[in-house]
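*Asks:*
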Amino acid sequence: MVVRRGEPFLAVDWGTTNRRVYRIEHGAVAATERDDRGVTAVAAFAAEAAAIRDRFGDLPMLLAGMVGSNIGWQVAPYVAAPAGVADLAAKLHRVDDRTAIVPGVSTLAGGRPDVMRGEEVQLLGAVAAELVPGDSLLAQPGTHCKWAEMAGGRIAGFTTAMTGELFGLLRQHGLLAAQLQGAVSANAAYLDGVEEAKRRDLTASLFGIRAAKMLGTREDADAAAFASGLLIGSDVVARIESTTHDHIHILAGPELGALYAAAIEANGRAAHIVDSHAAFAAGIIAIGTALP
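Quick note: to get my numbering, add 234 to the position in the sequence shown (first position is 1).
1) Run through the DSSP bridge pairs and tell me what residue 267 is partnered with.
2) So for residue 326, helix, strand or coil by DSSP?
3) Tell me whether the beta-carbon of residue 427 lies closer than 8 Å to the beta-carbon of residue 467.
4) Does the Cβ of residue 443 have 16 or more other Cβ atoms within 10 Å, making it buried, or fewer, making it exposed?
5) Find out if the Cβ-Cβ distance for the pair residue 400, residue 430 is shorter than 8 Å.
6) Go through the region 287 to 326 residue by residue and report every complete run of the alpha helix (DSSP H) that reaches 4 residues or more, in order.
7) Would you say residue 297 and residue 336 are within 8 Å of each other, going by their C-beta atoms?
8) Identify the continuous beta strand (DSSP E) that holds residue 383 and give its terminal residues.
9) Could you name each continuous alpha helix (DSSP H) segment of 4 residues or more that falls completely within the region 436 to 513, going from the start of the chain to the end?
10) With DSSP collapsed to three states, give me the class of residue 343.
11) If you reduce the DSSP assignment to three classes, tell me which class residue 361 lands in.
12) Look at the alpha carbon of residue 506 and the alpha carbon of residue 523, and state the distance between them as a whole number of angstroms.
13) Compute the Euclidean distance between the alpha carbons of residue 258 and residue 434, then round it to the nearest angstrom.
14) Who are the Cβ neighbours of residue 514 in its own chain at under 7 Å, not counting the five residues just before and after it?
15) Specify the secondary structure class of residue 356 as computed by DSSP and reduced to three states.
16) Are there 16 or more other CB atoms within 10 angstroms of the CB of residue 481, so buried, or fewer, so exposed?
17) Quick one: residues in its chain with C-beta nearer than 6 Å to the C-beta of residue 326, no 5 flanking neighbours on either side, listed in chain order?
18) How many Å lie between residue 371 and residue 381 at the Cα?
19) Distance check for residue 520 and residue 320, CA to CA, integer angstroms please.
20) Out of 282, 271, 285, 373, which has the shortest C-alpha to C-alpha gap to residue 503?
21) If we ignore side chains and look at the alpha-carbon of each, how far apart do residue 415 and residue 313 end up?
22) I need the boundaries of the beta strand (DSSP E) containing residue 245, first residue and last residue.
23) What first and last residue would you give for the alpha helix (DSSP H) that runs through residue 331?
24) Is the beta carbon of residue 423 sitting closer than 8 Å to the one on residue 456?
25) By Cβ distance below 6 Å, which residues in the same chain neighbour residue 450 in space, the five residues on each side in sequence not counted?
Spelled out as structure tokens, the structure:
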């Protein structure tokens, strides 16, 4: 048994580049710490786990995220959607009798394969903590934005969009890079990009950023915000076409959450920002509590 019901344990949200550790006591977060020891920065995972226990207490440990991938500690096989707390708890990958990794979730719905690792804990935690309804659409912005349809408190299906990664690549490489070094906020230029996204012609609209410079119709200082609005707007338009939900919940920090909220509201839906760290803590506690 990894975690005993009601007893303290450690939870680790272990991603590619960052890691957050939680000490859970009496069903709540007693202490937490974030660092840059993501899986790509770690070679000896057993030693890292021992170091975490040295700092937070010699307790059972539940891990989630890329630590369970093929670049992590050990591979925790995916659980197919639809998936809930009990499904994940039943399929924990045991590293040893005091350490386990939460499985990711997969889907092949509509013939398009998709996977997640770590996000599933946030999604289920948001429902468990009653931060969102059991039937809802949730967005998790980031390098790869997840859009998850929740039904009956379970992950019914989801889609991943490479929105953040595309923006980063455009900023670093290619024709538009020099123009896209400005700040991004939900300003008028950003909302212009969101509106342009409604044309559903993303690659042509991206070239329009270059053309606007040549014709003097948009300042370079506004180009990054416009491009961000165009990419996020394209993502939002595609997702809301396939949902009946009037309210969309965003698991994100305030800055990125505000960008998605502005794009969602510009497309006629209500947006609600949810604390993703609180959601993860609630999710990992729910999984730990569900263990037999």
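Where a beta carbon is used, it is the ideal one built from N, C-alpha and C, also for glycine.
*Replies:* Based on what the coordinates show:
1) Residue mapping note: residue 267 aligns to position 33 of the sequence shown, counting from 1. According to DSSP, residue 267 bridges with 255.
2) Along the sequence shown, read from residue 1 onward, the residue named residue 326 stands at position 92. DSSP places residue 326 in coil when its eight states are reduced to three.
3) Position 193 of the sequence shown, counting from 1, holds the residue named residue 427. Position 233 of the sequence shown, counting from 1, holds the residue named residue 467. Cβ distance < 8 Å, so residue 427 and residue 467 count as in contact.
4) Here residue 443 refers to the residue found at position 209 when the sequence shown is read from its first residue. By the neighbour-count rule (16 or more Cβ atoms within 10 Å), residue 443 is buried.
5) Reading the sequence shown from its first residue, position 166 is the one you call residue 400. Reading the sequence shown from its first residue, position 196 is the one you call residue 430. Contact: no.
6) 319 to 324
7) To locate residue 297, count along the sequence shown from 1; it is residue 63. To locate residue 336, count along the sequence shown from 1; it is residue 102. Yes, the pair counts as a contact, with Cβ atoms nearer than the cut-off.
8) Mapped onto the sequence shown, residue 383 falls at position 149. Unbroken beta strand (DSSP E) run through residue 383: 379 to 385.
9) Complete alpha helix (DSSP H) runs here, min 4: 436 to 449, 457 to 474, 488 to 500.
10) As a first step, residue 343 is located in the sequence shown; it is residue number 109 there, counting from the start. Annotated three-state conformation of residue 343 is helix, per DSSP.
11) One-based indexing of the sequence shown puts residue 361 at position 127. Looking at residue 361 - three-state DSSP - the assignment turns out to be helix.
12) Within the sequence shown, residue 506 is the residue found at index 272, counting from 1. Within the sequence shown, residue 523 is the residue found at index 289, counting from 1. Spanning the alpha carbons of residue 506 and residue 523 requires a straight line of approximately 28 Å.
13) Translated into positions along the sequence shown, residue 258 becomes position 24. Translated into positions along the sequence shown, residue 434 becomes position 200. For residue 258 and residue 434, the distance between alpha carbons rounds to 46 Å.
14) By one-based count along the sequence shown, residue 514 stands at place 280. Within the same chain, residue 514 has close Cβ partners 247, 355, 356, 359.
15) As a first step, residue 356 is located in the sequence shown; it is residue number 122 there, counting from the start. If DSSP states are grouped into helix, strand and coil, residue 356 belongs with the helices.
16) Along the sequence shown, read from residue 1 onward, the residue named residue 481 stands at position 247. Exposed, by the Cβ-count rule.
17) Translated into positions along the sequence shown, residue 326 becomes position 92. 334, listed in sequence order.
18) Along the sequence shown, read from residue 1 onward, the residue named residue 371 stands at position 137. Along the sequence shown, read from residue 1 onward, the residue named residue 381 stands at position 147. If I take the Cα positions, the gap works out to 7 Å.
19) Here residue 320 refers to the residue found at position 86 when the sequence shown is read from its first residue. Here residue 520 refers to the residue found at position 286 when the sequence shown is read from its first residue. Each residue's alpha carbon lies about 9 Å from the other.
20) What you label residue 503 is simply residue 269 of the sequence shown in a count that begins at 1. The shortest C-alpha separation from residue 503 is found at 373.
21) By one-based count along the sequence shown, residue 415 stands at place 181. By one-based count along the sequence shown, residue 313 stands at place 79. C-alpha of residue 415 to C-alpha of residue 313: approximately 40 Å in a straight line.
22) Residue 245 sits at position 11 when you count from the first residue of the sequence shown. Residues 243 to 248.
23) Within the sequence shown, the letter at position 97 stands for residue 331. Taken as a continuous stretch (DSSP letters only), residue 331 belongs to no alpha helix (DSSP H), as it is neither H nor E.
24) The residue given as residue 423 occupies position 189 in the sequence shown. The residue given as residue 456 occupies position 222 in the sequence shown. Going by C-beta atoms, residue 423 is nearer than 8 Å to residue 456.
25) Locating residue 450 in the sequence shown gives position 216, where the first residue counts as 1. Short of 6 Å from the beta carbon of residue 450, and not among the five residues preceding or following it, lies no beta carbon of its own chain.
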